[in-house]
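Participant: If you use the working numbering, the sequence shown corresponds to residues 10 to 745, in order.
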Amino acid sequence: MRHLYVHVPFCQRRCSYCDFSIAVRKRIPAREYVDAVLKESAIVRAANPGRQPGGFGSETLETIYLGGGTPSLLPREAISALLTSLRDAFLVTPSREAVEVTLEANPEDVTPENAAAWRRAGVNRVSLGAQSFDDGVLKWMHRSHDATRIGAAVRALRAGGFDNISLDLIFALPAQLERDWARDLDLACSLLPAHLSLYGLTVEERTPLARWISRGAAAAPDDERYAEEYLLAHLRLAASGYRFYEVSNACRDGFRSRHNAAYWSGRAYLGLGPAAHSFDCRVRRWNLTAWETYRRAVVAGRSAVEAEEVLTEEQQELERLYLALRTDAGLPRSACPPDRLAAWRGEGWVEEMGDRVRCTPEGWLRLDALVRDLTTPGERSKLLAGNSLGDMVASLTDRERQVLEAVIETYVETAEPAGSRTISKRFGHVLSAATIRNTMSDLEEKGYLYHPHTSAGRIPTDLAYRVYVNSLMRLSQVSASDSHQIREELAERNAVDQILERAAQVLGVLTKELGVAVGPTLDEAVLERLELLQAGSDRLLLVLTLKSGVVRTIFVEVPSRMAPEIVVQVAVVLNERLAGLTLRAIRTTLSERLRDAAPDVGSSELLNIFIQEADDLFDVPATGAAGGGVVLGSAQLLAGQPEFATKERLQGLLEVTERRDVLREALAKRLGQGLTITIGSEHQDATLAPFTLVTASYRLGPLAGVIGVMGPTRMPYDKIVALVDHTSRLVGELLE
Ligand code: SF4
Numbered sequence: 010m011r012h013l014y015v016h017v018p019f020c021q022r023r024c025s026y027c028d029f030s031i032a033v034r035k036r037i038p039a040r041e042y043v044d045a046v047l048k049e050s051a052i053v054r055a056a057n058p059g060r061q062p063g064g065f066g067s068e069t070l071e072t073i074y075l076g077g078g079t080p081s082l083l084p085r086e087a088i089s090a091l092l093t094s095l096r097d098a099f100l101v102t103p104s105r106e107a108v109e110v111t112l113e114a115n116p117e118d119v120t121p122e123n124a125a126a127w128r129r130a131g132v133n134r135v136s137l138g139a140q141s142f143d144d145g146v147l148k149w150m151h152r153s154h155d156a157t158r159i160g161a162a163v164r165a166l167r168a169g170g171f172d173n174i175s176l177d178l179i180f181a182l183p184a185q186l187e188r189d190w191a192r193d194l195d196l197a198c199s200l201l202p203a204h205l206s207l208y209g210l211t212v213e214e215r216t217p218l219a220r221w222i223s224r225g226a227a228a229a230p231d232d233e234r235y236a237e238e239y240l241l242a243h244l245r246l247a248a249s250g251y252r253f254y255e256v257s258n259a260c261r262d263g264f265r266s267r268h269n270a271a272y273w274s275g276r277a278y279l280g281l282g283p284a285a286h287s288f289d290c291r292v293r294r295w296n297l298t299a300w301e302t303y304r305r306a307v308v309a310g311r312s313a314v315e316a317e318e319v320l321t322e323e324q325q326e327l328e329r330l331y332l333a334l335r336t337d338a339g340l341p342r343s344a345c346p347p348d349r350l351a352a353w354r355g356e357g358w359v360e361e362m363g364d365r366v367r368c369t370p371e372g373w374l375r376l377d378a379l380v381r382d383l384t385t386p387g388e389r390s391k392l393l394a395g396n397s398l399g400d401m402v403a404s405l406t407d408r409e410r411q412v413l414e415a416v417i418e419t420y421v422e423t424a425e426p427a428g429s430r431t432i433s434k435r436f437g438h439v440l441s442a443a444t445i446r447n448t449m450s451d452l453e454e455k456g457y458l459y460h461p462h463t464s465a466g467r468i469p470t471d472l473a474y475r476v477y478v479n480s481l482m483r484l485s486q487v488s489a490s491d492s493h494q495i496r497e498e499l500a501e502r503n504a505v506d507q508i509l510e511r512a513a514q515v516l517g518v519l520t521k522e523l524g525v526a527v528g529p530t531l532d533e534a535v536l537e538r539l540e541l542l543q544a545g546s547d548r549l550l551l552v553l554t555l556k557s558g559v560v561r562t563i564f565v566e567v568p569s570r571m572a573p574e575i576v577v578q579v580a581v582v583l584n585e586r587l588a589g590l591t592l593r594a595i596r597t598t599l600s601e602r603l604r605d606a607a608p609d610v611g612s613s614e615l616l617n618i619f620i621q622e623a624d625d626l627f628d629v630p631a632t633g634a635a636g637g638g639v640v641l642g643s644a645q646l647l648a649g650q651p652e653f654a655t656k657e658r659l660q661g662l663l664e665v666t667e668r669r670d671v672l673r674e675a676l677a678k679r680l681g682q683g684l685t686i687t688i689g690s691e692h693q694d695a696t697l698a699p700f701t702l703v704t705a706s707y708r709l710g711p712l713a714g715v716i717g718v719m720g721p722t723r724m725p726y727d728k729i730v731a732l733v734d735h736t737s738r739l740v741g742e743l744l745e
């Protein structure tokens, strides 16, 4: 592995536009962090033995990138220890300087002492989060530095021995800030950095910026300003001797980021730390994002990988196209169909350099559109899906795809079989009713539509919805008012049960389907502490407090009154040996853990009772939402849908909602699965065949729960998927 990324998740406050996975900390747990990353590195290397082809130690490291978060918040000793240990763990050439080692830093952390120490530790490139030279703007961004700190930081870095300094700047800020972008560019250039990274402001959900915009306190970034400022940056930087070598990055000769270039050329890299991504040219993996969850996993010797995605060859090809167009290397001319090349050249979006085609600044402004244009919808589906369903979609003509989408959307809106005239009208009569009728017949033959006896119109099949969800659907944005309503409903609740009940309710109301939720399963729940209280002459009360906030009380039967000091002693021993373990681990290892724990006869007797009763005492039954049970919102809105107009259908709905075991089983399979959509006949249990389940899993430390919506297969998938995803994130956040 030649490229190593290490994610440092800590920041001292959250910037107004940032939705990165960070841990806001006043005190940085540096030692725990370094230990955790090194532990993860050992786990990864043990799973991929080094110094063998393909193993993580088999190639000489070329780049290390400490990104974040704010890596410069780590004490300099921690940075030095981390780099030393990583260099020991991976193959590094005898010359340390041959390895590009980048540290992301905030200007306020750059002192002469830190700069010199970082340099001694082997850092040879610093990427400085300058963002702007306007103090008002920096304040608005919630940045901790002012403009003068940027110059001071650059000077301190130079004095410390750095000549490879990069500055980050953000453009396309709301007009109301009256930010002078040209001035910022000039001030940045006047500091003579070797490299500049320019990012357009984007509005991410759940950031202060998104909230300001939703309540009208800030204007959303506008495309015109974005384009103007981006093009101005090209002019200004070129005049100062910088050359854009990637859509967002410019440098002086010889100062390209070697680490980022590895990403853009599709090379393999290993990521360590919470939320870090890794890629081995075929499989992309990403780590658990929350710092504490990540730390617990690696300390327990478990892999930190949360999930992975295997790229098909077609997907890899699509990525290659995209990455190539991002950089000034561009595409080989042979990858560009001549008609498109001529059109793009005519618009001034690309230029030809030898046998390569690369984007102009105008082209980079519309990079996504160019990549889309390079692939027909059919090719795109194939590239993106890469499985048998993808092949099926690819076999549809463009017209079939358009008509299928229109039939689905019409049927979802009206609940009436869609006729050819209605669809023709939807297309503004550009396609005649006769043409559409023929296309619909073809789609029916291919299994995407059927028509009920009583109607000439068509209804989508489950397969049609599947194709729609996988290939045609454009996800809706959750509206500001829906988002606000969900937050309001959940914000006041503290208990897990209450949050889940309200989440199921509000999802049901907003989607007019049935909201469903499963509480975090407690088998993997971690014991925070326990208390033992006298509760009579022959029993004690055991109070288990779990890290999820759940408290469980249970009586422990004892043969006779226990002396208070023995009860206290036993509680101390149990806390010492069991706190921090999962309930499952406690049940299976209790006798082992208590084997040498009895200081005297009285406590030995009580401890024996715990060992014998462990299965009952440390088992939290799955009742209620907080115990892995199923919570449902109101079924009233769903029962009012036309699909349940007959007595028989309504009976089916009641059966599912009353016999929760079917739902519980279906939902339990989705724990930890992210976003899942199961449509009609795809369900394993036939009872659920009339329904679609859209769910998203949320996490509560090591626990996983599920939240979602159940409804008839006819549902506005684009809206519902977005709402479920949004709500599950919010629930996860609140529970964390
Ligand atoms: S310093 Fe960077 S990572 Fe931290 S909150 Fe600000 S933008 Fe996000």
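For glycine and all other residues, C-beta sits at the position ideal for the given N, C-alpha and C.
1. Please tell me whether Glu-765 and Leu-481 are closer than 8 Å, where the distance is taken between their beta carbons.
2. Would you say Ala-156 and Leu-147 are within 8 Å of each other, going by their C-beta atoms?
3. Just to confirm my understanding: we take Cys-24, look at its own chain, exclude 5 residues before and 5 after, and list those with CB closer than 7 Å. What are they?
4. Measure how close the beta-carbons of Val-718 and Leu-484 come, nearest whole angstrom, since I'm counting them as under 8 Å.
5. Using three-state DSSP, classify Phe-142 as helix, strand or coil.
6. Can you give the Cα-Cα distance for Asn-584 and Gly-638, rounded to whole angstroms?
7. Mind checking whether the beta-carbon of Val-79 lies closer than 7 Å to any heavy atom of the ligand SF4?
8. For Gly-642 versus Gln-507, is the C-beta spacing smaller than 8 Å?
9. Given a threshold of 16 other Cβ atoms within 10 Å of its Cβ, counted over all protein chains shown, does Asp-193 qualify as buried or as exposed?
10. Measure the beta-carbon distance from Ile-179 to Tyr-208 and round it to whole angstroms, keeping in mind my assumption that it falls under 8 Å.
11. Does the Cβ of Gly-282 lie closer than 7 Å to at least one heavy atom of the ligand SF4?
12. Helix or strand or just coil, what does DSSP make of Ala-631?
13. Would the stretch 33-40 count as touching the stretch 223-231 if we require 3 or more Cβ pairs under 8 Å?
14. On the DSSP bridge assignment, give the partners of Ser-175 in chain order.
15. With distances taken Cα to Cα, identify the nearest neighbour of Tyr-26 among Val-212, His-154, Ala-124.
16. Name, in chain order, the residues that DSSP records as bridge partners for Glu-361.
17. Would the C-beta of Phe-29 count as close to the ligand SF4, meaning under 7 Å from any of its heavy atoms?
18. Roughly how many angstroms lie between the CA atoms of Asp-289 and Leu-327, to the nearest whole one?
19. Measure from the alpha carbon of Arg-738 to the alpha carbon of each residue in Lys-728, Arg-34, Val-715, then state which is nearest.
20. For Ala-489, collect the residues of the same chain with a Cβ closer than 7 Å to its Cβ; drop the 5 residues on either side in sequence, then sort them by chain order.
21. How far does the beta strand (DSSP E) with Ser-287 in it extend, from its first residue to its last?
22. Considering just the uninterrupted stretch of the beta strand (DSSP E) at Arg-293, what are its terminal residues?
23. Based on Cα-Cα distance, which residue from Leu-549, Val-135, Tyr-707 lies nearest to Ala-299?
24. From what residue to what residue does the alpha helix (DSSP H) around Ile-729 run?
25. With distances taken between CB atoms, is the gap from Glu-315 to Asn-296 smaller than 8 Å?
26. Nearest chain B C-beta to Ser-287 closer than 8 Å, yes or no?
27. Using only the alpha-carbon positions, how far apart do Arg-375 and Leu-383 sit?
28. Let me confirm a value: Ser-136 is counted as buried when at least 16 other C-beta atoms fall within 10 Å, else exposed. Which label applies?
29. Is Ala-424 helix, strand or coil when you go by DSSP?
30. Tell me the rounded alpha-carbon separation between Trp-190 and Arg-252.
31. On the criterion of 16 or more Cβ atoms from any shown chain inside 10 Å, does Pro-347 qualify as buried, or is it exposed?
32. In or out: Gly-689 buried (at least 16 other Cβ within 10 Å) or exposed?
33. Can you give the Cα-Cα distance for Ala-161 and Gly-138, rounded to whole angstroms?
34. For Arg-446, which residues in the same chain have their Cβ closer than 7 Å to its Cβ, ignoring the five residues on either side in sequence?
35. Let me know if Tyr-459 comes out buried or exposed under the rule of 16 or more other beta-carbons within 10 Å of its beta-carbon.
Facilitator: Inspection of the coordinates gives the following:
1. What the structure shows of the chain is the stretch from 10 to 745, and residue 765 is not part of that stretch, so it cannot be assessed.
2. By one-based count along the sequence shown, residue 156 stands at place 147. By one-based count along the sequence shown, residue 147 stands at place 138. Yes; because the gap between Cβ atoms is below 8 Å, this pair is in contact.
3. Start at 1 with the first residue of the sequence shown, and residue 24 comes out as number 15. Excluding sequence neighbours, Cys-24 sits near Met-150, His-151, Arg-152.
4. Here residue 718 refers to the residue found at position 709 when the sequence shown is read from its first residue. Here residue 484 refers to the residue found at position 475 when the sequence shown is read from its first residue. Not confirmed; about 15 Å, so no contact.
5. Counted from its first residue, the sequence shown places residue 142 at position 133. Three-state result, Phe-142: coil.
6. Here residue 584 refers to the residue found at position 575 of the sequence shown. Here residue 638 refers to the residue found at position 629 of the sequence shown. If I take the Cα positions, the gap works out to 28 Å.
7. On the sequence shown, residue 79 is found 70 positions in, with the first residue counted as 1. Reading off the sequence, residue 79 comes out as Thr, not Val. Yes, since a heavy atom of the ligand SF4 falls inside the 7 Å radius drawn around the Cβ of Thr-79.
8. By 1-based counting over the sequence shown, the position of residue 642 is 633. By 1-based counting over the sequence shown, the position of residue 507 is 498. No. Outside cutoff.
9. Position 184 of the sequence shown, counted from the start, is the residue given in the question as residue 193. Burial call: buried.
10. To locate residue 179, count along the sequence shown from 1; it is residue 170. To locate residue 208, count along the sequence shown from 1; it is residue 199. Ile-179 to Tyr-208, Cβ: 5 Å. Contact.
11. Translated into the one-based positions of the sequence shown, residue 282 becomes position 273. No, the Cβ of Gly-282 stays beyond 7 Å of every heavy atom of the ligand SF4.
12. Your numbering for residue 631 matches position 622 in the sequence shown. The pLDDT assigned to Ala-631 is 45, lower than 50, so where the model puts this residue is not dependable; a value taken from the coordinates is nonetheless given after this. Reduced to three states, the DSSP call for Ala-631 is coil.
13. no
14. The residue you call residue 175 lines up with position 166 of the sequence shown. Paired residues: Ser-136, His-204.
15. Position 17 of the sequence shown, counted from the first residue, corresponds to residue 26. Minimum Cα distance to Tyr-26 is reached at Val-212.
16. As a position in the sequence shown, residue 361 is number 352, starting the count at 1. DSSP, once it has assigned bridges, lists Val-366 as partnering Glu-361.
17. Within the sequence shown, numbered from 1, the residue matching residue 29 stands at position 20. Result yes, Cβ under 7 Å from the ligand SF4.
18. For the purposes of this step, residue 289 is taken as residue 280 along the sequence shown, with counting starting at 1. For the purposes of this step, residue 327 is taken as residue 318 along the sequence shown, with counting starting at 1. So the two alpha carbons sit approximately 16 Å from each other.
19. Translated into positions along the sequence shown, residue 738 becomes position 729. Arg-738 has its Cα closest to that of Val-715, out of Lys-728, Arg-34, Val-715.
20. By 1-based counting over the sequence shown, the position of residue 489 is 480. Contacts found: Ser-223.
21. Counting from one through the sequence shown, the residue named residue 287 turns up at place 278. Segment 286-288, the beta strand (DSSP E) holding Ser-287.
22. Position 284 of the sequence shown holds residue 293. Taken as a continuous stretch (DSSP letters only), the beta strand (DSSP E) holding Arg-293 covers 292-296.
23. Taking the first residue of the sequence shown as 1, we reach residue 299 at position 290. Of the listed residues, the one whose Cα sits closest to Ala-299 is Tyr-707.
24. Translated into positions along the sequence shown, residue 729 becomes position 720. Taken as a continuous stretch (DSSP letters only), the alpha helix (DSSP H) holding Ile-729 covers 726-744.
25. Taking the sequence shown and counting its residues from 1, one reaches residue 315 at position 306. Taking the sequence shown and counting its residues from 1, one reaches residue 296 at position 287. In this structure, Asn-296 lies closer than 8 Å to Glu-315 by Cβ.
26. No chain B appears in this structure, which consists of one protein chain only.
27. Here residue 375 corresponds to residue number 366 of the sequence shown, with the count starting at 1. Here residue 383 corresponds to residue number 374 of the sequence shown, with the count starting at 1. Cα to Cα, Arg-375 sits roughly 13 Å from Leu-383.
28. In the sequence shown, counting from the first residue as 1, residue 136 sits at position 127. Under this definition Ser-136 is a buried residue.
29. One-based indexing of the sequence shown puts residue 424 at position 415. If DSSP states are grouped into helix, strand and coil, Ala-424 belongs with coil.
30. Numbered from its first residue, the sequence shown carries residue 190 at position 181. Numbered from its first residue, the sequence shown carries residue 252 at position 243. Taking the straight line from one Cα to the other gives about 18 Å.
31. As a position in the sequence shown, residue 347 is number 338, starting the count at 1. Pro-347 comes out exposed.
32. For the purposes of this step, residue 689 is taken as the residue at position 680 of the sequence shown. When all chains shown are included, Gly-689 counts as buried.
33. As a first step, residue 161 must be located in the sequence shown, where it is residue number 152. As a first step, residue 138 must be located in the sequence shown, where it is residue number 129. C-alpha separation (whole angstroms): 13 Å.
34. Here residue 446 refers to the residue found at position 437 of the sequence shown. Only Ser-429 meet the Cβ criterion.
35. As a first step, residue 459 is located in the sequence shown; it is residue number 450 there, counting from the start. Label assigned to Tyr-459: exposed.
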